[in-house]
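Working notes, structure below.
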Amino acid sequence: MALGRIRTDLALEAKEKFEEEHAEVRGVVVKEDYNEEKDIRTTTVIIETENGAKTMGRPQGVYITLEAPNMSVPDEDYHREISKELAEHMKGLLPEKQELNILVVGLGNRDITPDALGPDVVSNLHITRHIIREYGVQGTGEEKLHSISGLVPGVMGQTGMETLEIVRGVAEETRPDVIIAIDALAARSVKRLNRTIQITDTGISPGSGVGNHRTGLNQETLGIRVIGIGVPTVVDGATIVRDSMAHLLDTLEEAEKKEFLEEMIAPSLHSMFMTPKDVDETIKRLAFTISEGLNLAFAKPEE
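Numbering of the sequence shown is given in my numbering, commencing with residue 49 and proceeding in unit increments.
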């Protein structure tokens, strides 16, 4: 049905879709928290069983979603709070080791603005691996310091290689303890566009945001823990139609709603992806917010 084909990369939205259809999903736990002072809502979806993973269409693991309504607004103080929130969640997912070797991979095409989030995040990171290799940790003036390296592998149309092949080759050479992969995603709700960050310990699939799924980067394919970070920067055309008719749809029964959408949403709309007109400035702002969150997560803990 048209409603079911409206795509999303957010585990939270996948869970909401089942709730809208009054379908019970076993093996999935949802925890919610709202910080009124910061105006940030955190929803944690934990897929605990194989049945839950099969139903949700996602691997077993933890999916943390930060929703910040004003994330697309140029408010430095607000973005600083988002960075701090992101850092706290990242610390909880990183391996417990005093000095980690971390590889951050910025997925996406730098030449296409809505897809440039990953490369832009890597550009703003505090990279330390080359300094540590040259001078040692003591040479940096710190007693303990994580080794951070960054990689922007591009896309297959630019390199002729699968992203997995490039990342695996670099990982075999640098032997990271953990890989953090950042990519643009797709949402099924306009209200979450550029206002949501998803963090997951299940890795990420390059190109997922526009339905161009490549081989995933995860523990299974790389033999290394992979933490995925994504922001929905696009929605498909069918989402725009559905959101525009939201009030009308609320008056219909579920069967009528599906039949109506099937007739109204042309199949071609599912291959069209849309993004806000100010996406260039928004991506730069979001990339800086995420990179600052990672820099805080990697920094030496305050005494």
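Note that the Cβ used here is the ideal one computed from N, Cα and C, for glycine as well.
Endpoints, beta strand (DSSP E) assigned at residue i
| i | result |
| --- | --- |
| N149 | N149 to G154 |
| N83 | V76 to N83 |
| A116 | Counting along the chain, A116 falls outside any beta strand (DSSP E), and DSSP gives it neither H nor E. |
| T281 | R273 to D284 |
| T103 | Careful: T103 lies outside any beta strand (DSSP E), inside the alpha helix (DSSP H) at E98 to M104. |
| I95 | I88 to I95 |
| L241 | No beta strand (DSSP E) contains L241, which DSSP labels as neither H nor E. |
| S226 | Here residue 226 is Val; the residue named in the question, Ser, does not match the sequence. Note, V226: beta strand (DSSP E), V226 to A235. |
Helix, strand or coil at residue i [DSSP, three-state]
| i | result |
| --- | --- |
| K325 | coil |
| I338 | helix |
| I160 | coil |
| E246 | A small fix is needed here, since residue 246 is Gln in this sequence, not Glu. In the structure shown, Q246 sits in a strand (DSSP, three-state: E or B). |
| S195 | strand |
| A59 | helix |
| F346 | helix |
| D125 | helix |
| G140 | helix |
| G187 | helix |
| E64 | helix |
| L51 | With a pLDDT of 41 at L51, under the threshold of 50, the modelled position of that residue is not reliable, and no figure is offered here. |
Beta-carbon spacing of residue i, residue j below 9 angstroms
| i | j | result |
| --- | --- | --- |
| V200 | V170 | yes |
| V110 | L148 | no |
| L173 | L342 | yes |
| L270 | L212 | yes |
| A3 | D81 | Since the first and last residues shown for the chain are 49 and 351, residue 3 lies out of range. |
| A345 | L155 | no |
| A235 | T56 | yes |
| T323 | T90 | no |
| I94 | P107 | no |
| A101 | T248 | no |
| G75 | E61 | no |
| I245 | I275 | no |
From the options, residue whose alpha carbon lies closest to that of residue i
| i | options | result |
| --- | --- | --- |
| I331 | V77, M119, N83 and D81 | M119 |
| E144 | K239, R273, F336 and R128 | R273 |
| P352 | I175, R158 and H174 | No statement about residue 352 is possible, as the shown extent of the chain runs from 49 to 351 and does not include it. |
| A232 | H178, V226, A62 and V327 | V327 |
| F321 | V238, E268 and I175 | V238 |
| N243 | M209, V282 and G264 | It is worth fixing the name first, because residue 243 is Arg in this sequence and not Asn. Answer by Cα proximity: V282. |
| L265 | L241, V279, D284 and V226 | V226 |
| K139 | H194, A101 and D163 | H194 |
| K79 | T176, Q108, E136 and I112 | I112 |
| P280 | L334, D249, T263 and E329 | L334 |
| I338 | S253, A229 and K192 | A229 |
| R177 | S197, K132 and G187 | S197 |
| E84 | G251, D163, Y126 and G75 | Y126 |
| I252 | R240, Q267 and E182 | Q267 |
| G205 | I130, L241 and P254 | P254 |
| E340 | E64, E67 and E124 | E124 |
| V203 | R181, E190 and T263 | T263 |
Span of the alpha helix (DSSP H) around residue i
| i | result |
| --- | --- |
| I214 | T211 to T222 |
| T207 | M204 to T207 |
| I179 | R177 to Y183 |
| V170 | L165 to S171 |
| D270 | It is worth fixing the name first, because residue 270 is Leu in this sequence and not Asp. Segment Q267 to L270, the alpha helix (DSSP H) holding L270. |
Near the ligand GTP: residue i beta-carbon under 8 angstroms from a heavy atom
| i | result |
| --- | --- |
| M322 | In the structure shown, the ligand GTP is absent, as is every other ligand, since no ligand is present at all. |
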